[in-house]
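Asker:
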Amino acid sequence: MTTAIDVNKDIIPGVKSSKIQNYNTRPRLTYKTVTGVNGPLVILGDVKFPQYAEVVQLTLPDGTKRSGKVLEVSKNKAVVQVFEGTAGIDAKNTVCEFTGDILRAPVSEDMLGRIFNGSGKPIDKGPPVQAEDYLDIEGQPINPQCRTYPEEMIQTGISAIDVMNSIARGQKIPIFSAAGLPHNEIAAQIVRQGGLHVLVVLTDMSSYAEALREVSAAREEVPGRRGFPGYMYTDLATIYERAGRVEGRAGSITQIPILTMPNDDITHPIPDLTGYITEGQIYVDRQLHNRQIYPPINVLPSLSRLMKSAIGEGMTREDHSDVSNQLYACYAIGKDVQAMKAVVGEEALSSDDLLYLEFLGKFEKNFISQGNYDNRTIFQSLDIGWQLLRIFPAEMLKRIPQSTIQKYYERKASA
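Take the sequence shown: its letters are residues 1 to 415, numbered as in full-length UniProt numbering.
This is the structure in structure tokens:
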């Protein structure tokens, strides 16, 4: 049975009234039974029927109100995580009210184009959102049986992504970065130039994982790798697996989580587990950044596992896959030649090696590097790729079929 009730604005700030579907009404119970405080956690005793993930409102002796969520239930005890921190909480005089409901966010079409903080409150100085419904913030992952395979490319306007690591609509692909690198600028450029159905940019997942470790330590759980909880893989998967497309329904959710690798270590548990869950990664390189190349995307360790299904004739261009493969091969050989040059000197290099060195410099300068507001179409990016490949004689382009070379390769002395 569905019960609709009016919601007071004191419960959910910024909203006058609305209706919540499937709301289970029961009396609100208040307690002054705080038995301990440990980091961000408050432990309460003598609680009647506490529920997992239930929202708790805390009122401090000075009238300050804070909110939290039940993380653990054991008989008549409840462990509550306080969102605003536990500083100043008095165990004897703090009043805790169990709301009987989970944490919900107001949703409405009025949210389109607005800016919100992590709590769902507007931060763009606009009017409050008149909610049409309240939805569980935990959400639900997409049923694998209902998923459709992503087969439509998203044009980001960034050549290093569109040509070399194409993103499909409904894909989840993280940006692996490190402290001090322009990962937020890259994400902002993708959002600005994308024009997507729904694009979710999560920054920073490393901070989320560190907070997860802190809460786990406060709960005295058995730690896993580097002190992170053993369930971190499952916890991350519940976030990442919400991206995708559903059969028979319009729209999609594309997810680009950003994580900063501690000490630039890609084997750290956070990027390591993320790589197992997601469908590739975009790798932001510190060496390219130090050489003033923007965006500093290193295409060699980057990967998009759904790229092949989203490119080609009828979707991008028939030569897309071949050009990408050949650019990868030439760039990888160019990096090897560059390393060899540092050992034997340029005089010992062959004429072919010199061509790869020339390609290496122009690839990073003309293809990878572009301005913050340089929005290249996929066709412009592919044409730049062909200009670079014309550095080589046609017979050196081993990864492109002869028919494609005859159609697109026109050797020019100015290339």
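Ideal Cβ placement from N, Cα and C applies to all residues, glycine included.
Is the beta carbon of A78 less than 8 angstroms from the beta carbon of V47?
Answerer: Yes, they are a contact pair.
Asker: In the DSSP assignment, what are the bridge partners of C96?
Answerer: The partner list for C96 (beta bridge, DSSP) reads Y31, L58.
Asker: Name the residue from L357, I161, G312, I89 whose alpha carbon lies nearest to the alpha carbon of C330.
Answerer: Nearest of L357, I161, G312, I89 to C330, Cα basis: L357.
Asker: Is the stretch 226–243 in contact with the stretch 84–93, if contact means three or more CB pairs nearer than 8 angstroms?
Answerer: Output reads no: the stretch 84–93 does not touch the stretch 226–243.
Asker: Report buried or exposed for S74, applying the criterion of at least 16 other Cβ atoms within 10 angstroms of its Cβ.
Answerer: Classification for S74: exposed.
Asker: How long is the line joining the alpha carbons of K341 and A348, rounded to whole angstroms?
Answerer: When rounded, the distance between both Cα atoms is 8 angstroms.
Asker: What are the partner residues of R225, as DSSP defines its beta bridges?
Answerer: In DSSP, R225 forms no bridge with anything.
Asker: Looking at the secondary structure, which residues open and close the beta strand (DSSP E) in which V80 lies?
Answerer: Note, V80: beta strand (DSSP E), 77–82.
Asker: Taking Cβ positions, are P50 and F116 nearer each other than 8 angstroms?
Answerer: Contact flag unset, no.
Asker: Kindly indicate which three-state DSSP category A415 falls into: helix, strand or coil?
Answerer: Low confidence applies here, because A415 scores a pLDDT of 39, under 50, leaving its location unreliable; read the following figure in that light. Correct three-state label for A415: coil.
Asker: Take P122 and list the residues in its own chain whose beta-carbon comes closer than 8 angstroms to its own, dropping the five residues that flank it on each side.
Answerer: The residues are G14, R114, I115, F116, P128, V129.
Asker: Taking its Cβ as the centre, do 16 or more other Cβ atoms sit within 10 Å of P144, making it buried, or is it exposed?
Answerer: With fewer than 16 other Cβ atoms within 10 Å, it is exposed.
Asker: With three or more C-beta pairs closer than 8 angstroms as the rule, is the stretch 104–111 touching the stretch 57–65?
Answerer: With a cut-off of 8 angstroms, the stretch 104–111 and the stretch 57–65 do not count as touching, because too few Cβ pairs lie within range.
Asker: Cβ atoms of R169 and D136: under 8 angstroms apart, would you say?
Answerer: Not in contact: D136 and R169 (Cβ atoms no closer than 8 angstroms).
Asker: Once you ignore the five residues that flank P40 on each side, which residues in its own chain have a CB closer than 8 angstroms to its CB?
Answerer: Result list for P40: Q81, V82, G85, T86, E214, V215, A218, in chain order.
Asker: Within 10 angstroms of the Cβ of S207, are there 16 or more other Cβ atoms? Answer buried if so, exposed if not.
Answerer: Under this definition S207 is an exposed residue.
Asker: Taking the alpha carbon of N165 as the reference point, which residue from M307, N375, L360, F363 has its own alpha carbon closest?
Answerer: Nearest option by C-alpha distance: M307.
Asker: Roughly how many whole angstroms lie between the Cα atoms of E132 and G120?
Answerer: Their backbone Cα atoms lie some 14 angstroms apart in a straight line.
Asker: I'd like to know if the stretch 197–211 and the stretch 248–260 are in contact, where contact means that at least 3 CB-CB pairs between them fall below 8 angstroms.
Answerer: Taking 8 angstroms as the limit for Cβ pairs, the verdict is that the stretch 248–260 does touch the stretch 197–211.
Asker: I believe D322 touches T404 by the beta-carbon criterion, under 8 angstroms. Please report the beta-carbon distance rounded to the nearest angstrom.
Answerer: With 8 angstroms as the limit, D322 and T404 qualify as a contact, their Cβ atoms being about 5 angstroms apart.
Asker: Helix, strand or coil: which one does DSSP assign to S119?
Answerer: S119 falls in the coil class under three-state DSSP.
Asker: Let's test the definition: count the other Cβ atoms within 10 Å of the Cβ of N263 and tell me whether it reaches 16, buried, or not, exposed.
Answerer: With fewer than 16 other Cβ atoms within 10 Å, it is exposed.
Asker: Going by other Cβ atoms of all chains shown within 10 Å of its Cβ, with 16 needed for buried, is T267 buried or exposed?
Answerer: Exposed: under 16 other Cβ atoms inside 10 Å.
Asker: In chain order, which continuous runs of the alpha helix (DSSP H) of length 4 or greater are located wholly inside the stretch 263–338?
Answerer: Counting whole runs of 4 or more residues, the stretch 263–338 contains the alpha helix (DSSP H) stretches 269–277, 286–290, 307–310.
Asker: Distance, Cα to Cα, L327 vs G230?
Answerer: In a straight line, the C-alpha of L327 is about 40 angstroms away from that of G230.
Asker: Measuring CB to CB, does G385 end up less than 8 angstroms from F359?
Answerer: It is not a contact, given that the beta carbons lie outside the stated cut-off.
Asker: So I173 and I282 are in contact, right, with Cβ under 8 angstroms, and what is the actual spacing, rounded?
Answerer: Indeed, because the Cβ distance is near 6 angstroms, the residues count as touching under 8 angstroms.
Asker: Counting along the chain, where does the beta strand (DSSP E) carrying F176 start and finish?
Answerer: Start and end: 175–177.
Asker: What do you get for S350, buried or exposed, if any count of 16 or more other CB atoms within 10 angstroms of its CB means buried?
Answerer: Under this definition S350 is an exposed residue.
Asker: Count the other CB atoms within 10 Å of the CB of M205; is the residue buried (16 or more) or exposed (fewer)?
Answerer: Buried is the call here.
Asker: Is the distance from the Cβ of K362 to the Cβ of L388 below 8 angstroms?
Answerer: Yes. Within cutoff.
Asker: Applying the criterion that 16 or more other CB atoms from any shown protein chain within 10 Å of the CB defines a buried residue, is D285 buried or exposed?
Answerer: Looking at its Cβ environment, which holds 16 or more other Cβ atoms inside 10 Å, D285 is buried.
Asker: Relative to the alpha-carbon of T94, which residue among R390, N76, S67, Q171 has its alpha-carbon at the smallest distance?
Answerer: Of the candidates R390, N76, S67, Q171, the one whose C-alpha sits nearest the C-alpha of T94 is S67.
Asker: Please give me, in chain order, every unbroken run of the beta strand (DSSP E) with length at least 3 that falls completely inside the stretch 139–211.
Answerer: As far as the stretch 139–211 is concerned, its whole beta strand (DSSP E) runs of at least 3 residues are 175–177, 199–203.
Asker: Determine whether the beta carbon atoms of V70 and S324 lie at a separation below 8 angstroms.
Answerer: No; because the gap between Cβ atoms is not below 8 angstroms, this pair is not in contact.
Asker: Once the 5 residues before and after K32 are set aside, which same chain residues still bring their CB inside 6 angstroms of it?
Answerer: For K32, where only same-chain residues beyond five positions count, the Cβ hits under 6 angstroms are V95.
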